[in-house]
Amino acid sequence: MQVKHLLLIAILALTAACSSKEVVDENLSEVELYQQAQTDLDNNSYTSATAKLKALESRYPFGRYADQAQLELIYANYKNAEPEAAKSAAERFIRLHPQHPNVDYAYYLKGLTSFDQDVGLLARFLPLDMTKRDPGAARDSYNEFAQLTSRFPNSRYSPDAKQRMIYLRNLLASYEIHVADYYLTRQAYVAAANRGRYVVENFQETPSVGDGLAVMTEAYQRLHLDELAATTLETLKLNYPNHPSLVDGQFVPSKDEADNRSWLSKATLGLIESRPPLPPGETRANQDVQRQFQDAKDSIPNELKPKDENGDVIEEEEHESEANTTDRSWFSYMTFGVFD
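What follows is the structure in structure tokens.
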């Protein structure tokens, strides 16, 4: 059934693309244009209604139906799946008529357009997880509904806008948790902890707060920040004792600790280490940055290096660890340093 729906949508889209724009009769009066536009709206002919409403606004900009035509043009564009045109029309109406008695309707339609913008044709027929998609339109919709409820708290559209804001807030919080889980998978523990803390601080009373605490706990444990991990874990146990990460009161990480050893080290069960193990809190990325810094430092020409009173280049003392590497015995070289 979904395939049939998709084929029908494709046929309708091609038909609409091949059809020419409707030509509005120039002899129609203001009342006739408005009545025909209303008939098109009632018949769900939104493309035809949009053409007549635009003609009405351009031909009779100071007529009795001009303001109403601008409002209904927002609705026609929204129903015709033209979100950018709908938002542009809403912003224009708000800018031209900030004191209009129905300006709250323009705010509401603007937020509703962004709310439905993520739900495209495919999302209506395929099971897509909206919390894993780009939240740009959802964030815009939340902000636009927030403007409506703050400026017009007694508007008849405010109750619906508030309910949608609750849904959007939960969606945005879930998206942040998905990003944090991705960082955990990539071993970017600092970034994961920051995302988890952002959810805890900015999305209170959402179901994702417990997940944010769990992400923080796991990231702090991987970073060996034991005090922070213990504090966050106690908060998680106190507020979310039934969280999936807690099994019999003990915290169970969602990601297994990654094995960063080389294939040679794994094949020899660790007897031959091609690269030394990292100390707690250290990362390969940090070592790469330090190595790049040292390479750039070594490439500085002598004429740019600091000199003493006699004009001789001041050489920095070599680290003791580097000096000791030249004193390794032949046995250490043969065993790859395993028995050092």
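Mind the numbering: the sequence shown is residues -20 to -1, 1 to 320 in mature numbering (1 follows the signal peptide of the UniProt record, and there is no 0), read in order. Cβ coordinates follow ideal geometry from the N, Cα and C atoms, glycine included.
{"Check": "What is the DSSP secondary structure of residue 79, reduced to helix, strand or coil?", "Outcome": "coil"}
{"Check": "Under the DSSP definition of a beta bridge, which residues are partnered with residue 226?", "Outcome": "231"}
{"Check": "Give the DSSP bridge partners of residue 90, in chain order.", "Outcome": "DSSP, once it has assigned bridges, lists no residue as partnering residue 90."}
{"Check": "For residue 364, count neighbouring Cβ atoms within 10 angstroms of its own Cβ and tell me buried if that reaches 16, exposed if not.", "Outcome": "Absent from the structure is residue 364, since the part of the chain shown begins at -20 and ends at 320."}
{"Check": "Tell me the residue span of the alpha helix (DSSP H) that contains residue 158.", "Outcome": "138 to 165"}
{"Check": "State the start and end residues of the unbroken alpha helix (DSSP H) segment that holds residue 285.", "Outcome": "It is not in any alpha helix (DSSP H) - residue 285 carries neither H nor E in the DSSP assignment."}
{"Check": "Spell out a yes or no on whether the segment 157 to 175 and the segment 202 to 220 are touching, meaning 3 or more CB-CB pairs, one atom from each, closer than 8 Å.", "Outcome": "yes"}
{"Check": "Mind checking whether residue 33 and residue 61 have CB atoms under 9 Å apart?", "Outcome": "no"}
{"Check": "Would you report the Cα separation of residue -2 and residue 27, rounded to the nearest angstrom?", "Outcome": "Unreliable placement is indicated for residue -2, whose pLDDT of 41 sits below 50; the coordinate value is still reported in the next sentence. Each residue's alpha carbon lies about 11 Å from the other."}
{"Check": "Can you check which of these residues, 95, 73, 290 and 145, is closest to residue 46 by C-alpha distance?", "Outcome": "73"}
{"Check": "Restricting to Cα atoms, I'd like to know which of 229, 163 and 135 is closest to residue 81.", "Outcome": "135"}
{"Check": "Does the pairing of the segment 153 to 161 with the segment 219 to 228 give three or more beta-carbon distances under 8 Å?", "Outcome": "no"}
{"Check": "Answer yes or no: do residue 121 and residue 143 have a C-beta to C-beta separation smaller than 9 Å?", "Outcome": "no"}
{"Check": "Between which two residues does the alpha helix (DSSP H) holding residue 182 run?", "Outcome": "169 to 182"}
{"Check": "Figure out for me which residue from 127, 95 and 133 has the closest Cα to the Cα of residue 116.", "Outcome": "95"}
{"Check": "Can you name the start and end residues of the alpha helix (DSSP H) that residue 60 belongs to?", "Outcome": "Counting along the chain, residue 60 falls outside any alpha helix (DSSP H), and DSSP gives it neither H nor E."}
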